[in-house]
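Participant: Under UniProt numbering, the sequence shown has 121 at position 121, and the numbering climbs by one with no breaks. All C-beta atoms in this analysis are idealised placements derived from N, C-alpha and C, irrespective of residue type, glycine included. My questions all concern the structure below.
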Amino acid sequence: MNSNKGSVRMRKSKETMNNKSTIKNQKKIETETQNTYPLLSFEELPEYMKDNEFILDHYRVNWPLKQAFFSLFHWHNETLNVWTHLIGFFVFVGLTIGNMMQVPEVLDFLNVLTWSVPLNPGANASNVSMMDTPKLIDLKHIPSQDMDIPPLLMAETRWPFFVFLAGAMFCLLSSSTCHLFGCHSHRLSLQLLQLDYVGITIMIITSFFPPIYYIFQCSPLWQFIYLGGVTTMGVFTIITLLSPALSSGKFRSFRAFLFMAMGLFGLIPSVHAVYLNWNEPQRNTMLAYELVMALSYLIGTMFYVTRIPERWRPGWFDLAGHSHQIFHCFVIMGALAHYGAALVFLESWGRASC
């Protein structure tokens with residue numbers, strides 16, 4: 001008995017020692033990683049990374065792509081910048097899938113996949129026998145006056161709606177990618193910043209597609225003028241912002257001005273649309289959604305430009321609560337508000353006939 005108890009104690013002590021050594025090794029690896037890739041202060045940054053002098057600490061500099069990716073699960077001053085738009089991206093992926101499930105062509109495709117795997121071994125035989133039965137009615141022999149045919153319904157045109165969803169997803173994903181991997185190198189940081197600006201521009205352009213297409217679908221000329229106008233402005237904005245010099249922090253206000261100019265262009269078709277649809281029952285709902293969107297983008301841009309609140313208390317908001325994170329939250333709010341408006345456009349004008 002004593003020998004058995006002694007062996008049990010020895011096994012337990014060995015297991016305890018192994019667990020302790022494992023924990024020590026893990027802590028050692030984490031410490032070595034932190035020492036190899038430490039978080040730096042603003043003063044230690046290379047010039048190209050000095051974007052916001054009010055964020056004083058917790059910067060990642062020249063991290064390998066692998067470490068940059070896994071920093072997604074660690075705290076630094078870009079963590080919430082990444083996650084705010086990454087969560088928004090997955091929200092819009094879910095909304096897109098949910099709406100795709102309501103598209104007749106997609107439902108037909110899914111039904112074909114379902115029918116290709118019969119649940120009942122005799123299902124195919126029964127279907128064939130029903131098709132061969134002489135009891136089926138031959139519609140060709142029914143007089144047209146005896147047939148009760150409902151009025152022809154136009155199929156919903158959904159592609160402008162999905163264009164907006166695709167633009168929103170591209171913008172949110174490119175933003176998250178930029179904030180996650182921008183710490184790798186100067187060259188990649190510049191390329192990702194340009195991708196981020198392209199994403200913002202594309203989201204603004206695609207946001208115009210549902211309202212302009214649906215409201216002016218009986219006026220092809222106005223469709224062309226408004227969609228062509230905003231697309232031209234977007235292309236000009238992208239070409240302008242692809243200049244490396246304009247990616248620096250001192251041109252923050254200029255970039256914001258370009259994006260706001262594109263948004264303000266939307267006032268022209270908006271006033272025109274309200275005039276054309278003043279008696280539309282969904283008018284107030286549509287305007288409410290679009291007002292929330294406009295206010296969200298405007299307020300978010302104000303935080304982006306003014307760098308409030310970190311301007312008031314430098315160093316206090318390094319990890320959470322600084323202006324860029326707030327800006328991201330307002331972008332998500334604005335995009336969701338416009339999604340609600342796009343649903344109204346689709347339901348009210350998606351089947352409109354001219």
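Comparing C-alpha positions only, which one of P210, N52, L180 sits nearest to D196?
Facilitator: The residue with the shortest Cα to Cα distance from D196 is L180.
Participant: State whether the segment 298-318 contacts the segment 173-191, with contact taken as three or more CB pairs (one from each stretch) at a distance under 8 Å.
Facilitator: Counting Cβ pairs under 8 Å, fewer than three are found: no touch.
Participant: Just to confirm, are F345 and F327 a CB contact at a threshold of 9 Å?
Facilitator: No, Cβ-Cβ distance for F345 and F327 is not below 9 Å.
Participant: What are the start and end residues of each continuous alpha helix (DSSP H) run of 4 or more residues lying completely inside the segment 155-243, in chain order?
Facilitator: Runs found: 159-181, 186-207, 209-215, 220-241.
Participant: Using the C-alpha atoms, what's the distance from H58 back to C178?
Facilitator: Answer to the nearest angstrom: the Cα atoms are 17 Å apart.
Participant: Count the other CB atoms within 10 Å of the CB of F161; is the residue buried (16 or more) or exposed (fewer)?
Facilitator: Buried: at least 16 other Cβ atoms inside 10 Å.
Participant: On the CB-based measure, 16 or more other CB atoms within 10 Å of its CB, does A342 come out buried or exposed?
Facilitator: Buried is the call here.
Participant: Rounded to whole angstroms, how far is the Cβ of P211 from the Cβ of A273, which I believe are closer than 8 Å?
Facilitator: The Cβ separation is near 7 Å, so the contact holds.
Participant: Give the straight-line distance between the Cα atoms of N52 and Y275, rounded to the nearest whole angstrom.
Facilitator: Roughly 44 Å between the two C-alpha positions.
Participant: Cα separation between T157 and V163?
Facilitator: T157 and V163: Cα-Cα distance of roughly 12 Å.
Participant: Judging by CA-CA distance, which residue of V82, L291, P281 is the nearest neighbour of G266?
Facilitator: Here the closest residue by C-alpha is L291.
Participant: Please indicate yes or no: does the CB of M101 lie closer than 8 Å to some heavy atom of the ligand ZN?
Facilitator: This structure lacks the ligand ZN; in fact it carries no ligand of any kind.
Participant: Could you pull the DSSP bridge partners for L40 from this structure?
Facilitator: Y59, per the DSSP bridge assignment.
Participant: On the premise that L172 lies in contact with H76, defined as a C-beta separation below 8 Å, what is that separation, rounded to the nearest angstrom?
Facilitator: Not quite, the Cβ-Cβ distance comes to about 20 Å (not below 8 Å), so this is no contact.
Participant: Could you compute how far the alpha carbon of S189 sits from the alpha carbon of E78?
Facilitator: In a straight line, the C-alpha of S189 is about 13 Å away from that of E78.
Participant: What would DSSP say about E78, mapped onto helix, strand or coil?
Facilitator: Note: E78 maps to coil in three-state DSSP.
Participant: Pick out whichever of L95, L165, N81, G229 has its Cα sitting closest to the Cα of S175.
Facilitator: Looking at the Cα atoms, N81 is the closest of the given residues.
Participant: Give me, in chain order, the residues of the same chain whose beta-carbon lies closer than 6 Å to that of T96; leave out the 5 immediate sequence neighbours on both sides.
Facilitator: Hits under 6 Å: L165.
Participant: Hey, quick one: how far does the alpha helix (DSSP H) through E290 stretch, first residue to last?
Facilitator: Note, E290: alpha helix (DSSP H), 283-306.
Participant: Could you have a look at W278 and say whether DSSP puts it in helix, strand or coil?
Facilitator: Reduced to three states, the DSSP call for W278 is coil.
Participant: I need the straight-line Cα distance from N62 to H74, nearest angstrom please.
Facilitator: If you take the alpha carbons of N62 and H74, they lie about 16 Å apart.
Participant: Can you say whether Q102 is buried or exposed, counting buried as having 16 or more other CB atoms within 10 angstroms of its CB?
Facilitator: With fewer than 16 Cβ atoms within 10 Å of its Cβ, Q102 is classed as exposed.
Participant: For my contact list, L56 and G315 are in at a C-beta cut-off of 8 Å; report their separation, rounded to the angstrom.
Facilitator: Going by Cβ atoms, the distance from L56 to G315 rounds to 4 Å, so yes, they are a contact pair.
Participant: Measuring only the C-alpha atoms, how far is T36 from A320?
Facilitator: Whole-angstrom Cα-Cα distance: 24 Å.
Participant: Report yes if the C-beta distance between M262 and I215 is below 9 Å; otherwise report no.
Facilitator: No; because the gap between Cβ atoms is not below 9 Å, this pair is not in contact.
Participant: Check R324 in the structure and name its three-state DSSP category.
Facilitator: The identity of residue 324 in the sequence shown is His, whereas the question assumes Arg. Helix, per DSSP.
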